[in-house]
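Student: Let me begin by handing over the structure; questions about it come next.
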Amino acid sequence: MKSFLFKFLYFSMLLLMTQTIFTVVTWNYWEDIINAPKEITQLNNYLSHQVDMIYFGDSTLFLPPSPTPIPVLLQNKLPTDTIGALYHSAYHMDIYLSFCQYIVQSDYHPKLIIIPINLRSFSVSWDMKPGWQFETEKRIIGNYHSLPFRMVSKPISIFDGFKPKITKDIFLNTPVFSGKTQIGTNYDFENMPPDWSPEEYERNNFIRYYMYSLDKNHRKVQSMIEIAKILKENDIDLLFYITPINYQAGEQLLGNEFNQRLIENTDVIKTALIEQGVETLDLTFRLESTFFRVAEHLSEEGREIVAEEIAKQILKSIWFL
């Protein structure tokens with residue numbers, strides 16, 4: 031009996047060692063199998079080339095499509111520094127946190143990380159949307175340095191282990207608030223009457239995107255705070271900026287209450303970051319309506335101004351003195 035048990039343990043250990051060695055040696059193959067996000071390859075490339083800055087972002091950086099997204103414009107203004115950009119539609123604080131967790135575990139740390147704060151991303155229309163959770167990406171990025179995770183990633187993905195915890199039903203039944211008052215659910219705003227005027231559609235979109243009351247306990251505010259903490263602990267400088275909002279259109283549709291809500295919500299963000307020793311570049315009211323194209327997306331001229339503001343903030347900061 032003891033002999034059998036010894037042989038069983040011996041062969042089990044041998045099998046585990048063989049699998050581990052095989053996984054390490056053939057990681058490029060396994061990387062393809064588990065569909066590791068292409069952003070990991072990009073990020074590894076930036077880190078291996080030791081870029082000075084990494085700029086994360088969402089669609090405000092590049093939509094509507096144009097040859098010059100904001101990171102390119104910023105690079106043109108800072109020709110002696112190198113910038114690596116990683117952006118994707120609907121990215122948000124939770125996935126930025128995963129990227130930052132990955133970076134702090136890497137051998138090379140950039141001097142500066144730039145992250146936009148899109149006020150719309152805190153709304154339930156964005157925060158609770160199943161397709162915008164990026165569960166697979168967050169799990170793989172957050173655990174990419176872990177060999178055991180690499181070994182079990184394929185079975186996890188096969189059995190839907192990365193499936194978003196937020197279902198479509200949860201999303202549709204989530205209440206939508208204007209301030210502290212519930213005005214419907216995501217279902218109501220996803221199914222607005224077809225006979226409404228374009229102005230009524232726009233008005234209701236501004237309500238669900240921006241009229242919520244933000245507080246420090248919001249999960250994306252907590253992710254933002256955690257980003258500030260881990261980068262500070264690892265001596266990586268951080269530039270958060272609040273993206274421009276079409277405040278003139280919002281004021282026209284909803285009155286002065288719209289701008290007041292923007293001020294209240296941005297104050298929550300800036301206060302939370304000041305507590306972590308991080309100042310915020312606030313561009314909420316920086317651009318007039320003529321610089322906007324669709325929703326929060328900017329014209330070429332608008333992007334140029336944002337890039338200029340970021341460049342000025344960087345150049346006056348201690349990192350580049």
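In the numbering used here, the protein residues as written are 31 to 351. Just so you know, even glycine gets a beta-carbon here, dropped at the ideal spot from N, CA and C. Note that the coordinates shown come from a computational prediction; the quantities given were computed from them, not determined experimentally.
Can you tell me the Cα-Cα spacing of Asn221 and Pro101, whole angstroms?
Tutor: Your numbering for residue 221 matches position 191 in the sequence shown. Your numbering for residue 101 matches position 71 in the sequence shown. Taking the straight line from one Cα to the other gives about 36 Å.
Student: Report all residues from its chain with a CB closer than 8 Å to the CB of Lys198; omit the five preceding and five following residues, and keep chain order.
Tutor: The sequence position of residue 198 within the sequence shown is 168, counting from 1. Excluding positions up to five away in sequence, the list reads Pro160.
Student: Run the CB neighbour count on Arg291, radius 10 Å, all protein chains shown included, and call it buried at 16 or more, exposed below.
Tutor: Indexing the sequence shown from 1 puts residue 291 at position 261. The residue in question, Arg291, is buried, as its Cβ has 16 or more Cβ neighbours within 10 Å.
Student: Does the Cβ of Ile293 have 16 or more other Cβ atoms within 10 Å, making it buried, or fewer, making it exposed?
Tutor: Here residue 293 refers to the residue found at position 263 of the sequence shown. Burial call: exposed.
Student: With contact counted as at least three CB pairs below 8 Å, one residue from each stretch, are the segment 330 to 350 and the segment 261 to 278 in contact?
Tutor: Yes, they touch.
Student: Suppose contacts are defined by Cβ-Cβ distances below 7 Å. Is Ser153 in contact with Tyr231 by that definition?
Tutor: The residue you call residue 153 lines up with position 123 of the sequence shown. The residue you call residue 231 lines up with position 201 of the sequence shown. The answer is no: Cβ separation not under 7 Å.
Student: Any idea what DSSP makes of Gln131, helix, strand or coil?
Tutor: Looking up residue 131 in the sequence shown gives position 101. Helix, per DSSP.
Student: Nearest to Val251 by CA position, among Glu326, Thr204, Gln306, is which residue?
Tutor: For this step, residue 251 is matched to residue 221 along the sequence shown. It is Gln306 whose Cα lies nearest to the Cα of Val251.
Student: List the endpoints of the continuous alpha helix (DSSP H) containing Ile293.
Tutor: In the sequence shown, counting from the first residue as 1, residue 293 sits at position 263. First-last of the alpha helix (DSSP H) with Ile293: 286 to 304.
Student: Please report the straight-line C-alpha distance between Pro274 and Phe315, rounded to a whole angstrom.
Tutor: Residue numbering aside, residue 274 sits at position 244 when the sequence shown is read from its first letter. Residue numbering aside, residue 315 sits at position 285 when the sequence shown is read from its first letter. Going from the Cα of Pro274 to the Cα of Phe315 covers about 6 Å.
Student: Name the residue from Glu338, Glu256, Ile170, Val134 whose alpha carbon lies nearest to the alpha carbon of Lys246.
Tutor: Counting from 1 along the sequence shown, the entry for residue 246 is found at position 216. For the residues Glu338, Glu256, Ile170, Val134, the minimum Cα distance to Lys246 belongs to Glu256.
Student: Give me the residue from Gln131, Tyr132, Cys130, Val81 with the minimum Cα distance to Leu108.
Tutor: Translated into the one-based positions of the sequence shown, residue 108 becomes position 78. Among Gln131, Tyr132, Cys130, Val81, the Cα nearest to that of Leu108 belongs to Val81.
Student: Take Thr215 as the anchor and find which of Ser227, Arg238, Glu229 has the nearest alpha-carbon.
Tutor: On the sequence shown, position 185 is the one that residue 215 refers to. When each option's Cα is compared against that of Thr215, the closest is Arg238.
Student: Give me the Cα-Cα distance between Gly285 and Asn276, rounded to the nearest whole angstrom.
Tutor: Here residue 285 corresponds to residue number 255 of the sequence shown, with the count starting at 1. Here residue 276 corresponds to residue number 246 of the sequence shown, with the count starting at 1. The alpha-carbon atoms of Gly285 and Asn276 are separated by roughly 13 Å.
Student: Can you tell me where the alpha helix (DSSP H) with Ile340 in it begins and where it stops?
Tutor: Locating residue 340 in the sequence shown gives position 310, where the first residue counts as 1. Ile340 -> alpha helix (DSSP H) spans 330 to 345.
Student: Please go through the same chain and pick out, in chain order, the residues whose beta-carbon is closer than 6 Å to the beta-carbon of Leu317, but skip the five residues on each side of it.
Tutor: One-based indexing of the sequence shown puts residue 317 at position 287. Result list for Leu317: Pro274, Gly332, in chain order.
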